[in-house]
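Position in the sequence shown counted from 1, then plus 17, gives you the numbering used here. From the three backbone atoms N, C-alpha and C, an ideal C-beta is built for every residue, glycine too. First the structure, in the form of structure tokens, and then the observations on it.
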Amino acid sequence: MEAIAYERAANVADAVRSAQTAGVAFIGGGTNLLDLMKGGVARPVKLVDITHLSDDGLDAVRTRPDGGIRIGALVRNSDAADHPLVRERYPLLTQALVAGASAQLRNMATVGGNLMQRTRCPYFYDAAFAACNKRTPGSGCAAQDGYQRMHAILGASAQCIAVNPSDMSVALAALDATIEVVGPAGARRIPIGEFHRLPGDRPDVDTVLQPGELITSVDLPPWSTSLAEHTYYLKIRDRASYAFALVSVAAALQMQGEKIAGVRLALGGVAHKPWRAAIAEGLLTGQPLTDAKLREAAAAQLRDARPLPGNRFKVLLAERAIVRALNIAAGRESIGVTGATA
Ligand code: SF4
18 MEAIAYERAA NVADAVRSAQ TAGVAFIGGG TNLLDLMKGG VARPVKLVDI
68 THLSDDGLDA VRTRPDGGIR IGALVRNSDA ADHPLVRERY PLLTQALVAG
118 ASAQLRNMAT VGGNLMQRTR CPYFYDAAFA ACNKRTPGSG CAAQDGYQRM
168 HAILGASAQC IAVNPSDMSV ALAALDATIE VVGPAGARRI PIGEFHRLPG
218 DRPDVDTVLQ PGELITSVDL PPWSTSLAEH TYYLKIRDRA SYAFALVSVA
268 AALQMQGEKI AGVRLALGGV AHKPWRAAIA EGLLTGQPLT DAKLREAAAA
318 QLRDARPLPG NRFKVLLAER AIVRALNIAA GRESIGVTGA TA
């Protein structure tokens, strides 16, 4: 048994101060960290407990002067999904949150923790497999010649083909969220598209957070009412509930009659980070909403996909998921059983 030091932080400044040595981890809901610790994948020498903190609005959802909202990092996933400001102005985020995990886990997991959750690649969690560059840098990657069904088709590297498992982060990518963090050097703001890393040759590093930095909030910019009227989070998975996405799509449309005046699109389950579908957005903006246009944009978005033998099906699946999510967002297609949430 390994000894782990424990400190209960008095406030944000105290938490940051307590995390200035190597091997320290913040613990909030703990829904992923405790699993990692039980499996010996994470071995922090000290836990800094931030669960109870409420300074700086850490546990609140508030409006911002620019008309957007700020979600504190310690707001529970279930509370964020159910908050009136989120439900009314950013229904895409509510849809993504309720598609994730189970009700019990959503009641424990925090928004900050959701951003930090690690891949569910089975080789990463099972120490019986020696080869995992994410767990043990330089050891290899068991998935390269193994089980690949849940793995990446975009942005992967020879060192790692894992995907980011968060549904919430996919919606945040479509919403252009900004992550605010506080660390030894002060506060800084990170656009969601820059927060998670591609694996490259350092798959053990998931985000751009520096040692000792703590996520304090997620800011959502103002969104037009018309975008909020046409949103859908489509999650395709092997089970109807409590399963991670094979492919997911966060879609929002701003319609002018039959024309697409604006579109926001992000993909999950396909890469080491939420994947903003900028190519498809560019091809669809200003165009009439037709199945042909949607299919053309989806195919263009997946043109750079580099699937492996075990996940080749995900390219066509992602294309079809984009078309379906946009059609549902536009009200041209019903949700049906595949749209059932957890
Ligand atoms: Fe490890 Fe990444 Fe390879 Fe999975 S895909 S075994 S997480 S290196």
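- In terms of side-chain proximity, the C-beta atom of TYR140 is found nearer than 7 Å to a non-hydrogen atom of the ligand SF4.
- Linking LEU109 to ILE86 through their CA atoms gives a straight-line distance of about 14 Å.
- Between the segment 125-132 and the segment 178-189, the count of Cβ pairs shorter than 8 Å is three or higher; the stretches touch.
- With contacts defined by Cβ atoms closer than 8 Å, VAL29 and ASP72 form a contacting pair.
- One thing to note: LEU91 has its Cβ no nearer than 8 Å to the Cβ of LEU114.
- For the segment 200-230, the full-length alpha helix (DSSP H) segments reaching 4 residues or more read 209-212 along the chain.
- Between the segment 262-278 and the segment 171-188 there are three or more inter-stretch CB-CB distances shorter than 8 Å, so the stretches are counted as touching.
- Note on the segment 44-111: whole alpha helix (DSSP H) runs with a minimum of 4 residues are 50-55, 94-99, 101-106, in chain order.
- With contact defined as three or more Cβ pairs closer than 8 Å, the segment 267-284 and the segment 335-347 are in contact.
- Across the structure, GLN37 and GLY203 are spaced so that their CA atoms are roughly 13 Å apart.
- For TYR250, the uninterrupted beta strand (DSSP E) segment begins and ends at 248-253.
- If you look at ILE277, you'll find it in the beta strand (DSSP E) that goes 276-285.
- Residue pairing by DSSP places TYR23 opposite LEU64 in a beta bridge.
- A direct Cα-Cα distance of roughly 21 Å separates ASN328 from ALA267.
- If you look at VAL180, you'll find it isn't in any beta strand (DSSP E); DSSP assigns it neither H nor E.
- Inter-residue distance for GLY56 and ASN49 is about 11 Å (C-alpha atoms, whole angstroms).
- The DSSP-derived three-state label of SER243 is helix.
- If only complete runs of 4 or more residues are kept, the segment 311-359 shows the alpha helix (DSSP H) at 330-346, in order along the chain.
- In the structure shown, the three-state DSSP call for ALA288 is coil.
- Three or more beta-carbon pairs separated by less than 8 Å link the segment 151-160 to the segment 216-225, which places the two stretches in contact.
- The segment 206-218 and the segment 290-301 touch, with three or more beta-carbon pairs separated by less than 8 Å.
- Per DSSP, reduced to three states, the secondary structure at ASP236 is strand.
- With contacts defined by Cβ atoms closer than 8 Å, LEU237 and ALA173 do not form a contacting pair.
- If you check the C-beta of LYS290 against the ligand SF4, you find no heavy atom less than 7 Å away.
- In the structure shown, MET167 falls within a coil segment according to DSSP collapsed to helix, strand and coil.
- The secondary-structure analysis by DSSP pairs PRO305 across a beta bridge with LYS276.
- If you draw a straight line from the Cα of GLY163 to the Cα of ALA322, it is about 19 Å long.
- Per the coordinates, the alpha-carbon of GLY200 lies some 20 Å from the alpha-carbon of GLY47.
- Spanning the alpha carbons of LEU300 and PRO61 requires a straight line of approximately 46 Å.
- Counting C-beta atoms within 10 angstroms of its own C-beta, ASP96 has 16 or more neighbours from the protein chains shown and is therefore classed as buried.
- DSSP, reduced to helix, strand and coil, places SER35 within a helical segment of the structure shown.
- Sequence-distant partners of ILE207 (beyond 5 residues in either direction) whose C-beta falls short of 6 Å from its own C-beta, in its chain, are ILE196.
- Taking C-beta atoms as the reference points, THR127 and ARG81 fail to come closer than 8 Å.
- The beta-carbon separation of LEU70 and ALA32, rounded to 7 Å, stays under the 8 Å limit for a contact.
- Here ALA116 carries a coil assignment [DSSP, helix/strand/coil].
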